[in-house]
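Here the structure comes first, spelled out in structure tokens, and everything after it is commentary.
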Amino acid sequence: MATPVIYNILLGMSHLVPFIPGRQEVEQTYQDSIPYVLKALGAFAMQDSFKFIEAFDILENLADESSRTLSPHMKLLIDFCLQLAGNTQLDDSVRVKTITFIGWLVRLKKKMIIKQKLVEPIVNALFALMSVAPEVEDEDEEYFGSNEVSTPSTCATQSLDVLALHIPPKQLFPPLMALLEPALAGIDPLPKKAAYLSIAVIAEGCSEHICSKYLRVLVDVIKRGITDENVMIRNAALFALGQFSEHLQPEISQHADEILPILFEFLQQLCLQIRSGGKEPPHIDRVFYALETTCENLEDQVTPYLPMLMERLFESLDSRNSVHLRELSLTTIAATASAAKEHMLPYFARLIDCLKVYLVKTDDEDICTLRPQAIDTFAALVRTIGRDNFLPLAVDTLNMGLTMMDESNDPDLRRSCYNLFASMASSVKEDMAGSLNKIVE
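Just so it is clear: in the sequence shown, position 4 is 4 by UniProt numbering, and no numbers are missing.
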């Protein structure tokens, strides 16, 4: 079946797909051809991944232009994609293509997929792919692929996210929970990591269902995960915590007193480890992601935690720490300022002193790297600290921003300066009118 003639037939059929709508006989011909198309694609998958990818366009075009032609063959299509996705002998590009197409079919034909009882086999296959060890040992691995780099595992994670957004929890949760419970109770770290990733990616699509039935249980599960000895599991649990903080508001905020102390302890240990000459731990991004999203979404409820939080963030800003750690700290301070608003006033003077280091002219490469983020953090403070508290600094701040704009062509630095000017305008309002011409020149 994997012959040049069949390859060109598939390409030709693919190009003609836009002409199907309104032509019933043509639609029926394409519909009848689906089993043969799949047989040919299966042959190309085994022999030539490039030709498989090219020929697969026929299915994608049909899904996009004439999805009715696929409807009678939904089970056949899903089974075909799952079979190729699970075949480790095939090229990753083939497996990624079929996993992605499953997500596409879920978006288009969710009722049919539910009716034909295809949710469970899809969930089982995706979870199995998410449980596979990454080819490269990377403790800070990416959970979602990009247009340039995707693996079957990252693509499966994305597809489970699609399922959660389109399949009702009543149909999704039973097969998923049947996988999560033994994985979390077991000792194999790979299924356990997959369980935490699953919990993370269903947070958005199943938010109401989780909040009404599973929040207490899953918070306890995540708390165990973020203190796990295995870094891979800990990273996935921290990612889940960040997703919960982002998508399960306001209910998740009720558990802040359980979650934040753990994250604060992480920060303290992290700073001590670095100061003692230790290597920056690879899970640092996950810690700050969880911390930032939790604090940002707490809004003014973050106030009781500010003393401990700010102390940890000031420690993280120490010049002895890496550029990466300081950048994460600056970002989290900005998020905290947006949440706490005027409650940041007790820390305002100290924060300004910390930020001044990044706002003066210097050739220090680290400071220049961090300057745009420092200005963004300053902008967040200006926007939220209150007009009267910022007004004494307004003239100097404006002059500083204008000077930086004049002396630099760095687009990121200029962007951050415009962000600062916008924050100033929202704070001091009409007092900025006299400076408008200078800013827009």
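We put the beta carbon where it would ideally sit given N, CA and C, even for glycine.
Computed from a predicted structure; not experimentally measured.
Kindly give me the distance between the Cβ atoms of residue i and residue j, rounded to whole angstroms, as I take these residues to be in contact under 8 Å.
i	j	result
L291	T332	6 Å
Q171	V119	5 Å
S198	L176	6 Å
V17	E54	Contact doesn't hold; Cβ gap of about 14 Å is too wide.
A256	T293	At roughly 12 Å, the Cβ-Cβ gap does not stay under 8 Å, so A256 and T293 are not in contact.
S329	E280	Not confirmed; about 13 Å, so no contact.
L90	L84	6 Å
L70	I34	7 Å
I367	L325	Not confirmed; about 15 Å, so no contact.
L413	C354	About 19 Å separates the two Cβ atoms, so there is no contact after all.
V287	L263	6 Å
I78	I99	Their Cβ separation, rounded to whole angstroms, is 11 Å, which puts I78 and I99 out of contact at 8 Å.
Evaluate residue i with the Cβ neighbour count: other Cβ atoms within 10 Å of its Cβ, from every protein chain shown; 16 or more gives buried, anything less gives exposed.
i	result
L10	buried
V217	exposed
K193	buried
K51	buried
H15	exposed
Q1	Going by the sequence as given, residue 1 is Met instead of Gln. Exposed: under 16 other Cβ atoms inside 10 Å.
P191	buried
Y358	buried
F19	exposed
T227	exposed
L391	exposed
N8	exposed
A296	It should be noted that the sequence gives Glu, not Ala, for residue 296. Buried, by the Cβ-count rule.
N235	buried
T151	buried
A133	exposed
K361	exposed
P21	exposed
T377	buried
R383	buried
Q24	exposed
D140	In this prediction, D140 has a pLDDT of 48, which is less than 50 and means its spatial position is unreliable; nothing more can be read from the coordinates.
residue 480	No statement about residue 480 is possible, as the shown extent of the chain runs from 1 to 441 and does not include it.
D32	exposed
N147	Because the pLDDT of N147 is 49, which lies under 50, any placement of that residue in the model is unreliable, and the number read from its coordinates should be weighed accordingly. With fewer than 16 Cβ atoms within 10 Å of its Cβ, N147 is classed as exposed.
D161	buried
S276	exposed
Q243	buried
Q47	exposed
What is the residue span of the alpha helix (DSSP H) that residue i lies within?
i	result
M424	411-428
E169	Before going further, note that residue 169 is Pro rather than Glu in the sequence given. Run containing P169: 169-185, per the alpha helix (DSSP H) assignment.
E60	57-65
H255	First-last for H255: undefined, no H or E at that position.
F390	387-390
M112	110-115
H15	4-16
A339	323-340
P372	365-384
F239	231-247
D79	74-85
K192	189-201
C295	284-298
F44	24-47
G401	394-407
E315	306-316
K223	215-225
R350	345-359
A133	From DSSP, A133 is part of no alpha helix (DSSP H); its letter is neither H nor E.
V162	152-166
Does any residue of chain C bring its CB to less than 8 Å from the CB of residue i?
i	result
L165	The structure shown contains no chain C; it holds only a single protein chain.
Report yes if the C-beta of residue i is less than 7 Å from at least one heavy atom of the ligand PLP; otherwise report no.
i	result
A256	Although the ligand PLP was asked about, the structure shown includes no ligands whatsoever.
### Query
Counting pairs of Cβ atoms below 8 Å between the stretch 212-227 and the stretch 270-280, do you hit three or more?
A contact is defined here as three or more CB-CB pairs under 8 Å, and the stretch 212-227 fails this definition with respect to the stretch 270-280.
### Query
Do the stretch 151-167 and the stretch 184-191 touch if we need at least three Cβ pairs shorter than 8 Å?
No: the two stretches stay apart, fewer than three of their Cβ pairs being nearer than 8 Å.
### Task
Take every Cβ of the stretch 348-355, pair it with every Cβ of the stretch 396-403, and state whether three or more of those distances are shorter than 8 Å.
The way I'd put it, the stretch 348-355 doesn't touch the stretch 396-403; fewer than three beta-carbon pairs between them come closer than 8 Å.
### Task
Report yes or no: do the stretch 384-393 and the stretch 421-430 share at least 3 C-beta pairs separated by less than 8 Å?
Because the criterion of three Cβ pairs below 8 Å is met, the stretch 384-393 and the stretch 421-430 touch.
### Query
Are the stretch 301-308 and the stretch 240-249 touching, with three or more C-beta to C-beta distances below 8 Å?
Contact fails: fewer than three Cβ-Cβ distances are below 8 Å.
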